[in-house]
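First residue of the sequence shown? That's 1493 in our numbering, and the numbers climb one at a time after it.
Think of the CB as a built atom: it goes at the ideal place given N, C-alpha and C, for glycine as much as any other residue.
Computed from a predicted model, the values in this text were never measured in an experiment.
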Amino acid sequence: MTDAPRYVVEKYIVSIRDDDHDARFTVRRNGKAFYIKVSPSQFVNSPMMIDKFISFVKVLRSGKEVLDIYDTDVYEWVTAPFELLFAELAPNPPGDPKDIRITLHDHLFSEFFVFTLDVIDEKRCPRRIAAETSPYRPSYVRFDDNFLDELEAWTLFYDPARITLSFKDPEDALFKPSEKVLIDSGQTECFFKPCNSGVQIIRELETYRKIQAAGLDSQFNLCHVHGVVMDDCGFILGILLTYIDCGGCPLSTRIHPEELDDPIPAIRNRWLNQLDTTLTALHKAGIVWGDVKAENVLIDQDNNAWITDFGGGYTDGWVDREMAGTVEGDLAGMSKLKKFLFPSENSSGSQIHDRYGDTI
1493 MTDAPRYVVE
1503 KYIVSIRDDD
1513 HDARFTVRRN
1523 GKAFYIKVSP
1533 SQFVNSPMMI
1543 DKFISFVKVL
1553 RSGKEVLDIY
1563 DTDVYEWVTA
1573 PFELLFAELA
1583 PNPPGDPKDI
1593 RITLHDHLFS
1603 EFFVFTLDVI
1613 DEKRCPRRIA
1623 AETSPYRPSY
1633 VRFDDNFLDE
1643 LEAWTLFYDP
1653 ARITLSFKDP
1663 EDALFKPSEK
1673 VLIDSGQTEC
1683 FFKPCNSGVQ
1693 IIRELETYRK
1703 IQAAGLDSQF
1713 NLCHVHGVVM
1723 DDCGFILGIL
1733 LTYIDCGGCP
1743 LSTRIHPEEL
1753 DDPIPAIRNR
1763 WLNQLDTTLT
1773 ALHKAGIVWG
1783 DVKAENVLID
1793 QDNNAWITDF
1803 GGGYTDGWVD
1813 REMAGTVEGD
1823 LAGMSKLKKF
1833 LFPSENSSGS
1843 QIHDRYGDTI
(Lines of atoms letter the chains of each structure in order from A and count residues from 1; the text may use other names and numbers.)
(Lines give C-alpha, C1' and ligand atoms only; values in the text may rest on other atoms or scores of the structure.)
Protein backbone atom coordinates (compact mmCIF):
# COMPACT_ATOMS: atom_id res chain seq x y z
CA MET A 1 0.00 0.00 0.00
CA THR A 2 1.42 3.37 -1.05
CA ASP A 3 1.72 5.98 1.66
CA ALA A 4 -0.40 9.09 1.19
CA PRO A 5 1.61 12.11 0.04
CA ARG A 6 2.32 14.75 2.64
CA TYR A 7 0.34 17.98 2.35
CA VAL A 8 -1.27 20.56 4.62
CA VAL A 9 -4.66 22.28 4.47
CA GLU A 10 -3.46 25.82 4.95
CA LYS A 11 -6.82 27.58 5.19
CA TYR A 12 -10.44 27.50 4.13
CA ILE A 13 -13.11 30.09 3.37
CA VAL A 14 -16.85 29.68 3.87
CA SER A 15 -19.64 32.23 3.76
CA ILE A 16 -21.38 33.39 6.92
CA ARG A 17 -24.69 33.22 5.02
CA ASP A 18 -26.77 30.16 5.87
CA ASP A 19 -27.92 29.79 2.24
CA ASP A 20 -24.39 29.83 0.77
CA HIS A 21 -22.72 26.42 1.05
CA ASP A 22 -19.70 26.99 -1.18
CA ALA A 23 -16.27 26.44 0.35
CA ARG A 24 -12.71 27.11 -0.81
CA PHE A 25 -9.62 25.33 0.45
CA THR A 26 -5.93 26.11 0.10
CA VAL A 27 -3.64 23.09 0.27
CA ARG A 28 0.16 23.32 0.26
CA ARG A 29 2.63 20.62 -0.74
CA ASN A 30 6.32 20.91 -1.57
CA GLY A 31 6.12 24.68 -1.91
CA LYS A 32 3.16 24.66 -4.31
CA ALA A 33 -0.39 25.81 -3.63
CA PHE A 34 -3.58 24.00 -4.61
CA TYR A 35 -6.80 26.00 -4.60
CA ILE A 36 -9.90 23.83 -4.43
CA LYS A 37 -13.48 25.07 -4.71
CA VAL A 38 -16.37 22.86 -3.61
CA SER A 39 -19.93 23.91 -4.44
CA PRO A 40 -23.12 21.83 -4.14
CA SER A 41 -24.20 23.49 -7.40
CA GLN A 42 -21.60 21.23 -9.07
CA PHE A 43 -23.07 18.06 -7.57
CA VAL A 44 -25.04 16.03 -10.12
CA ASN A 45 -27.52 13.33 -9.09
CA SER A 46 -25.92 13.25 -5.64
CA PRO A 47 -28.46 14.14 -2.92
CA MET A 48 -26.62 12.24 -0.20
CA MET A 49 -23.36 14.03 -0.94
CA ILE A 50 -25.16 17.40 -0.97
CA ASP A 51 -26.53 16.72 2.51
CA LYS A 52 -23.12 15.54 3.71
CA PHE A 53 -21.28 18.57 2.38
CA ILE A 54 -23.83 21.01 3.81
CA SER A 55 -23.23 19.41 7.21
CA PHE A 56 -19.49 19.83 6.60
CA VAL A 57 -19.92 23.53 5.87
CA LYS A 58 -21.80 23.94 9.15
CA VAL A 59 -18.79 22.48 10.95
CA LEU A 60 -16.40 24.87 9.19
CA ARG A 61 -18.68 27.85 9.77
CA SER A 62 -19.07 27.16 13.49
CA GLY A 63 -15.49 26.09 14.13
CA LYS A 64 -16.84 23.36 16.40
CA GLU A 65 -17.69 19.70 16.30
CA VAL A 66 -21.17 19.19 14.84
CA LEU A 67 -22.92 15.79 14.90
CA ASP A 68 -19.60 14.03 15.67
CA ILE A 69 -17.98 15.67 12.62
CA TYR A 70 -14.68 17.54 13.01
CA ASP A 71 -12.92 19.90 10.64
CA THR A 72 -10.29 17.22 10.01
CA ASP A 73 -13.06 14.95 8.72
CA VAL A 74 -14.00 17.68 6.26
CA TYR A 75 -10.40 18.14 5.13
CA GLU A 76 -9.97 14.42 4.51
CA TRP A 77 -13.22 14.22 2.52
CA VAL A 78 -12.19 17.14 0.30
CA THR A 79 -8.53 16.30 -0.25
CA ALA A 80 -8.54 12.50 -0.57
CA PRO A 81 -9.60 12.55 -4.27
CA PHE A 82 -6.70 14.91 -5.06
CA GLU A 83 -3.84 12.97 -3.48
CA LEU A 84 -2.55 11.48 -6.72
CA LEU A 85 -2.63 14.94 -8.29
CA PHE A 86 -0.79 16.42 -5.32
CA ALA A 87 1.96 13.83 -5.76
CA GLU A 88 2.12 14.30 -9.54
CA LEU A 89 2.07 18.11 -9.67
CA ALA A 90 4.19 18.74 -6.59
CA PRO A 91 6.85 16.00 -6.53
CA ASN A 92 9.46 15.85 -3.82
CA PRO A 93 12.35 18.24 -4.52
CA PRO A 94 15.76 16.76 -5.30
CA GLY A 95 18.67 17.00 -2.90
CA ASP A 96 19.03 16.87 0.85
CA PRO A 97 16.01 18.23 2.77
CA LYS A 98 18.46 19.94 5.14
CA ASP A 99 19.45 22.24 2.26
CA ILE A 100 15.91 23.47 1.56
CA ARG A 101 15.66 27.27 1.54
CA ILE A 102 12.28 28.86 0.90
CA THR A 103 11.99 32.63 0.68
CA LEU A 104 9.00 34.65 1.76
CA HIS A 105 8.48 35.52 -1.93
CA ASP A 106 8.47 31.81 -2.82
CA HIS A 107 5.77 31.22 -0.23
CA LEU A 108 3.56 34.23 -0.94
CA PHE A 109 3.79 33.93 -4.72
CA SER A 110 4.14 30.18 -5.10
CA GLU A 111 3.34 28.12 -8.18
CA PHE A 112 -0.35 27.24 -8.00
CA PHE A 113 -3.01 24.94 -9.40
CA VAL A 114 -6.76 25.58 -9.40
CA PHE A 115 -9.34 22.82 -9.05
CA THR A 116 -13.00 22.23 -8.41
CA LEU A 117 -14.45 19.13 -6.83
CA ASP A 118 -17.40 17.87 -8.85
CA VAL A 119 -19.64 15.15 -7.46
CA ILE A 120 -21.41 12.95 -10.02
CA ASP A 121 -23.65 10.05 -9.03
CA GLU A 122 -22.37 10.38 -5.45
CA LYS A 123 -18.75 10.05 -6.59
CA ARG A 124 -16.14 12.78 -6.03
CA CYS A 125 -14.41 13.84 -9.25
CA PRO A 126 -11.50 16.35 -9.20
CA ARG A 127 -11.44 18.76 -12.12
CA ARG A 128 -8.58 21.11 -12.93
CA ILE A 129 -9.39 24.65 -14.07
CA ALA A 130 -7.03 26.57 -16.33
CA ALA A 131 -5.92 29.78 -14.63
CA GLU A 132 -3.19 32.25 -15.52
CA THR A 133 -3.60 34.29 -12.36
CA SER A 134 -3.97 33.03 -8.83
CA PRO A 135 -7.46 33.27 -7.31
CA TYR A 136 -5.77 34.54 -4.16
CA ARG A 137 -2.89 36.88 -3.62
CA PRO A 138 -1.24 37.99 -0.39
CA SER A 139 -2.85 40.80 1.53
CA TYR A 140 -1.09 44.10 0.87
CA VAL A 141 -1.44 47.86 0.99
CA ARG A 142 -0.07 50.59 -1.21
CA PHE A 143 0.81 54.08 -0.02
CA ASP A 144 1.72 57.33 -1.72
CA ASP A 145 5.31 58.51 -2.06
CA ASN A 146 5.05 60.96 0.85
CA PHE A 147 4.11 58.21 3.29
CA LEU A 148 6.86 55.94 1.97
CA ASP A 149 9.42 58.75 2.32
CA GLU A 150 8.36 59.24 5.95
CA LEU A 151 8.55 55.48 6.52
CA GLU A 152 12.02 55.25 5.00
CA ALA A 153 13.24 57.93 7.39
CA TRP A 154 12.92 55.67 10.42
CA THR A 155 12.89 52.05 9.22
CA LEU A 156 14.07 49.76 6.42
CA PHE A 157 12.45 48.13 3.39
CA TYR A 158 13.01 44.44 2.72
CA ASP A 159 12.54 42.45 -0.47
CA PRO A 160 10.54 39.25 0.22
CA ALA A 161 12.98 37.39 -2.03
CA ARG A 162 15.73 38.11 0.51
CA ILE A 163 13.75 36.87 3.50
CA THR A 164 13.87 33.18 4.42
CA LEU A 165 11.24 31.10 6.20
CA SER A 166 12.60 29.56 9.39
CA PHE A 167 11.68 26.15 10.81
CA LYS A 168 13.53 23.66 13.00
CA ASP A 169 12.90 21.12 10.23
CA PRO A 170 13.78 22.91 6.95
CA GLU A 171 11.38 20.66 5.02
CA ASP A 172 8.45 22.19 6.92
CA ALA A 173 8.96 25.38 4.90
CA LEU A 174 7.58 23.49 1.88
CA PHE A 175 4.31 22.78 3.67
CA LYS A 176 3.56 25.41 6.29
CA PRO A 177 3.26 29.18 6.50
CA SER A 178 5.84 30.61 8.83
CA GLU A 179 5.54 33.48 11.24
CA LYS A 180 9.26 33.22 11.96
CA VAL A 181 11.53 34.51 9.20
CA LEU A 182 15.21 35.37 8.83
CA ILE A 183 16.62 38.64 7.48
CA ASP A 184 20.12 40.06 7.07
CA SER A 185 21.51 36.91 5.45
CA GLY A 186 19.89 34.73 8.07
CA GLN A 187 21.37 36.58 11.03
CA THR A 188 18.21 38.12 12.48
CA GLU A 189 14.98 36.37 13.51
CA CYS A 190 11.73 38.27 12.94
CA PHE A 191 8.01 37.81 13.20
CA PHE A 192 6.34 38.50 9.84
CA LYS A 193 2.97 40.18 10.34
CA PRO A 194 0.99 40.41 7.07
CA CYS A 195 -0.95 43.55 6.19
CA ASN A 196 -4.70 43.27 6.53
CA SER A 197 -5.84 46.87 6.09
CA GLY A 198 -4.34 50.23 5.24
CA VAL A 199 -5.91 51.94 8.26
CA GLN A 200 -4.61 49.29 10.63
CA ILE A 201 -1.06 49.27 9.33
CA ILE A 202 -0.82 53.08 9.32
CA ARG A 203 -1.83 53.19 12.98
CA GLU A 204 0.45 50.31 13.90
CA LEU A 205 3.47 51.72 12.11
CA GLU A 206 2.90 55.16 13.62
CA THR A 207 2.69 53.61 17.11
CA TYR A 208 5.86 51.61 16.60
CA ARG A 209 7.60 54.76 15.30
CA LYS A 210 6.75 56.52 18.56
CA ILE A 211 7.85 53.49 20.60
CA GLN A 212 11.16 53.38 18.75
CA ALA A 213 11.71 57.15 19.00
CA ALA A 214 11.15 56.99 22.76
CA GLY A 215 13.48 54.01 23.10
CA LEU A 216 10.75 51.97 24.77
CA ASP A 217 11.40 48.90 22.63
CA SER A 218 14.83 48.55 24.21
CA GLN A 219 13.61 49.10 27.79
CA PHE A 220 10.37 47.13 27.98
CA ASN A 221 8.75 44.03 26.54
CA LEU A 222 7.66 45.71 23.32
CA CYS A 223 8.41 44.64 19.76
CA HIS A 224 10.96 46.48 17.66
CA VAL A 225 10.21 47.12 14.00
CA HIS A 226 13.07 45.73 11.90
CA GLY A 227 11.42 46.91 8.69
CA VAL A 228 8.57 46.52 6.26
CA VAL A 229 8.34 44.02 3.42
CA MET A 230 7.76 45.56 -0.01
CA ASP A 231 7.50 43.71 -3.32
CA ASP A 232 8.77 44.92 -6.69
CA CYS A 233 5.39 46.54 -7.47
CA GLY A 234 5.58 48.85 -4.48
CA PHE A 235 3.07 46.90 -2.38
CA ILE A 236 3.75 46.64 1.34
CA LEU A 237 3.11 43.02 2.30
CA GLY A 238 3.76 43.17 6.02
CA ILE A 239 5.85 44.27 8.97
CA LEU A 240 8.95 42.61 10.43
CA LEU A 241 8.79 42.66 14.24
CA THR A 242 10.75 41.22 17.13
CA TYR A 243 10.24 37.47 17.21
CA ILE A 244 8.83 36.43 20.59
CA ASP A 245 9.51 32.76 21.23
CA CYS A 246 6.28 31.83 22.98
CA GLY A 247 5.35 28.56 21.34
CA GLY A 248 2.25 30.19 19.91
CA CYS A 249 0.76 30.70 23.39
CA PRO A 250 -0.84 34.03 24.29
CA LEU A 251 -1.84 34.81 27.86
CA SER A 252 -5.39 33.68 27.08
CA THR A 253 -4.16 30.08 26.80
CA ARG A 254 -1.86 30.19 29.84
CA ILE A 255 -4.50 30.82 32.50
CA HIS A 256 -6.65 27.97 33.80
CA PRO A 257 -9.64 29.52 35.64
CA GLU A 258 -10.26 26.40 37.71
CA GLU A 259 -6.59 25.80 38.54
CA LEU A 260 -5.43 28.75 40.62
CA ASP A 261 -1.92 27.34 41.02
CA ASP A 262 -1.34 26.81 37.30
CA PRO A 263 0.55 29.03 36.90
CA ILE A 264 1.28 29.95 40.50
CA PRO A 265 0.22 33.39 41.82
CA ALA A 266 3.83 34.62 41.88
CA ILE A 267 4.09 34.11 38.11
CA ARG A 268 0.73 35.78 37.52
CA ASN A 269 1.82 38.73 39.66
CA ARG A 270 5.06 38.93 37.67
CA TRP A 271 3.07 39.20 34.44
CA LEU A 272 0.73 41.84 35.85
CA ASN A 273 3.64 43.93 37.11
CA GLN A 274 5.36 43.72 33.72
CA LEU A 275 2.18 44.73 31.90
CA ASP A 276 1.56 47.61 34.29
CA THR A 277 5.13 48.92 34.01
CA THR A 278 5.07 48.73 30.22
CA LEU A 279 1.64 50.33 29.87
CA THR A 280 2.62 53.16 32.24
CA ALA A 281 5.66 53.88 30.06
CA LEU A 282 3.51 53.87 26.92
CA HIS A 283 1.03 56.32 28.42
CA LYS A 284 3.84 58.65 29.60
CA ALA A 285 5.06 58.70 25.98
CA GLY A 286 1.56 59.56 24.75
CA ILE A 287 0.97 56.10 23.28
CA VAL A 288 -2.27 54.14 23.63
CA TRP A 289 -2.29 50.35 23.45
CA GLY A 290 -5.85 50.15 22.16
CA ASP A 291 -7.07 46.58 21.82
CA VAL A 292 -6.34 45.41 25.37
CA LYS A 293 -7.10 41.72 25.82
CA ALA A 294 -5.46 38.48 26.90
CA GLU A 295 -4.93 37.38 23.27
CA ASN A 296 -2.70 40.44 22.73
CA VAL A 297 -0.35 39.51 25.56
CA LEU A 298 2.34 36.98 24.67
CA ILE A 299 4.28 35.01 27.28
CA ASP A 300 7.77 34.11 26.14
CA GLN A 301 9.87 31.09 27.05
CA ASP A 302 11.36 32.98 30.02
CA ASN A 303 7.91 33.76 31.45
CA ASN A 304 7.94 37.41 30.46
CA ALA A 305 4.74 39.17 29.39
CA TRP A 306 4.82 41.18 26.15
CA ILE A 307 2.28 43.76 25.00
CA THR A 308 1.51 43.32 21.29
CA ASP A 309 -0.85 44.51 18.55
CA PHE A 310 -1.17 48.25 18.14
CA GLY A 311 -3.42 48.13 15.10
CA GLY A 312 -6.37 49.76 16.85
CA GLY A 313 -9.88 48.45 17.23
CA TYR A 314 -11.49 46.97 20.31
CA THR A 315 -12.90 43.66 21.49
CA ASP A 316 -16.31 43.27 23.12
CA GLY A 317 -15.92 42.16 26.71
CA TRP A 318 -12.54 43.86 27.12
CA VAL A 319 -12.83 47.51 26.08
CA ASP A 320 -16.08 49.38 25.48
CA ARG A 321 -16.48 50.83 22.03
CA GLU A 322 -16.82 54.42 23.24
CA MET A 323 -13.53 54.07 25.16
CA ALA A 324 -11.55 52.40 22.37
CA GLY A 325 -8.28 54.13 21.52
CA THR A 326 -8.07 56.08 24.79
CA VAL A 327 -6.00 55.90 27.95
CA GLU A 328 -9.22 55.30 29.86
CA GLY A 329 -9.98 52.35 27.60
CA ASP A 330 -6.51 50.92 28.25
CA LEU A 331 -7.02 51.18 32.01
CA ALA A 332 -10.45 49.57 31.81
CA GLY A 333 -8.99 46.73 29.75
CA MET A 334 -6.13 46.30 32.22
CA SER A 335 -8.62 46.05 35.07
CA LYS A 336 -10.21 43.13 33.24
CA LEU A 337 -6.80 41.60 32.57
CA LYS A 338 -6.10 41.78 36.30
CA LYS A 339 -9.34 39.95 37.07
CA PHE A 340 -8.47 37.42 34.36
CA LEU A 341 -5.12 36.76 36.02
CA PHE A 342 -6.58 36.64 39.55
CA PRO A 343 -10.20 35.49 39.24
CA SER A 344 -10.70 34.70 42.90
CA GLU A 345 -7.72 36.00 44.89
CA ASN A 346 -8.37 38.98 47.17
CA SER A 347 -5.20 39.42 49.15
CA SER A 348 -2.11 38.83 47.01
CA GLY A 349 -1.55 41.94 44.96
CA SER A 350 0.68 44.98 45.09
CA GLN A 351 -0.16 48.67 45.20
CA ILE A 352 0.12 49.03 41.44
CA HIS A 353 -3.29 47.43 41.18
CA ASP A 354 -4.94 50.52 42.69
CA ARG A 355 -4.39 52.24 39.35
CA TYR A 356 -7.15 50.12 37.82
CA GLY A 357 -9.80 51.06 40.34
CA ASP A 358 -9.57 48.27 42.90
CA THR A 359 -7.14 45.88 44.55
CA ILE A 360 -6.72 42.13 44.48
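Taking just the CA atoms, how far does residue j sit from residue i?
i, j, result
"lysine 1503", "alanine 1525", "11 Å"
"aspartate 1801", "aspartate 1783", "7 Å"
"glycine 1821", "leucine 1581", "52 Å"
"valine 1500", "valine 1819", "43 Å"
"aspartate 1641", "valine 1551", "47 Å"
"phenylalanine 1545", "arginine 1654", "42 Å"
"glutamate 1575", "valine 1691", "41 Å"
"glutamate 1787", "glutamate 1614", "43 Å"
"asparagine 1537", "phenylalanine 1578", "27 Å"
"aspartate 1588", "glutamate 1663", "9 Å"
"arginine 1813", "glycine 1805", "8 Å"
"cysteine 1687", "valine 1721", "10 Å"
"phenylalanine 1712", "glutamate 1671", "22 Å"
"serine 1689", "leucine 1697", "12 Å"
"histidine 1513", "proline 1630", "24 Å"
"alanine 1645", "phenylalanine 1639", "10 Å"
"threonine 1769", "leucine 1666", "41 Å"
"lysine 1785", "tyrosine 1527", "34 Å"
Of all the options the options, which has the alpha carbon lying nearest to the alpha carbon of residue i?
i, options, result
"glycine 1825", "Ala1515, Asn1795, Leu1767", "Leu1767"
"arginine 1530", "Asp1510, Lys1830, Thr1571", "Residue 1530 is actually valine in this sequence, not arginine. Comparing Cα-Cα distances from valine 1530 to each of Asp1510, Lys1830, Thr1571, the minimum goes to Thr1571."
"glutamate 1624", "Phe1604, Cys1682, Phe1639", "Phe1604"
"cysteine 1617", "Thr1680, Leu1833, Phe1535", "Phe1535"
"serine 1710", "Val1566, Ala1773, Ile1694", "Ala1773"
"aspartate 1723", "Lys1785, Pro1652, Leu1833, Ala1816", "Pro1652"
"proline 1755", "Phe1832, Glu1814, His1513", "Phe1832"
"leucine 1764", "Tyr1806, Trp1798, Ser1670, Ile1592", "Trp1798"
"leucine 1600", "Arg1634, Leu1648, Thr1518", "Thr1518"
"threonine 1595", "Glu1644, Ala1758, Thr1656", "Thr1656"
"leucine 1732", "Lys1785, Trp1781, Leu1674", "Leu1674"
"threonine 1608", "Ser1533, Gln1793, Thr1680, Pro1585", "Ser1533"
"isoleucine 1612", "Asp1661, Gly1809, Ser1547, Ile1542", "Ile1542"
"cysteine 1738", "Arg1695, Leu1790, Ser1836", "Leu1790"
"cysteine 1682", "Leu1743, Ile1693, Trp1781, Ser1658", "Ser1658"
So, is residue i buried or exposed, given that buried needs 16 or more other C-beta atoms within 10 angstroms?
i, result
"cysteine 1741", "exposed"
"alanine 1515", "buried"
"cysteine 1462", "No answer is possible for residue 1462: it lies beyond the span of the chain, which begins at 1493 and ends at 1852."
"tyrosine 1562", "exposed"
"phenylalanine 1684", "buried"
"asparagine 1522", "buried"
"isoleucine 1703", "buried"
"cysteine 1725", "exposed"
"isoleucine 1505", "exposed"
"histidine 1748", "exposed"
"arginine 1634", "exposed"
"leucine 1758", "Per the sequence shown, the amino acid found at residue 1758 is alanine instead of leucine. Alanine 1758 comes out exposed."
Helix, strand or coil for residue i? Go by DSSP, reduced to three states.
i, result
"histidine 1597", "helix"
"tryptophan 1798", "strand"
"threonine 1734", "strand"
"arginine 1762", "helix"
"aspartate 1543", "helix"
"threonine 1608", "strand"
"threonine 1564", "helix"
"lysine 1828", "helix"
"threonine 1745", "helix"
"valine 1501", "strand"
"aspartate 1495", "coil"
(message) Give the list of continuous beta strand (DSSP E) stretches no shorter than 3 residues that lie fully inside the stretch 1765-1792.
(response) 1789-1791
(message) Ignoring anything shorter than 3 residues, give me the beta strand (DSSP E) runs that lie fully in the stretch 1661-1720, in order along the chain.
(response) For the stretch 1661-1720, whole beta strand (DSSP E) runs of length 3 or above, ordered along the chain, are 1672-1675, 1680-1686.
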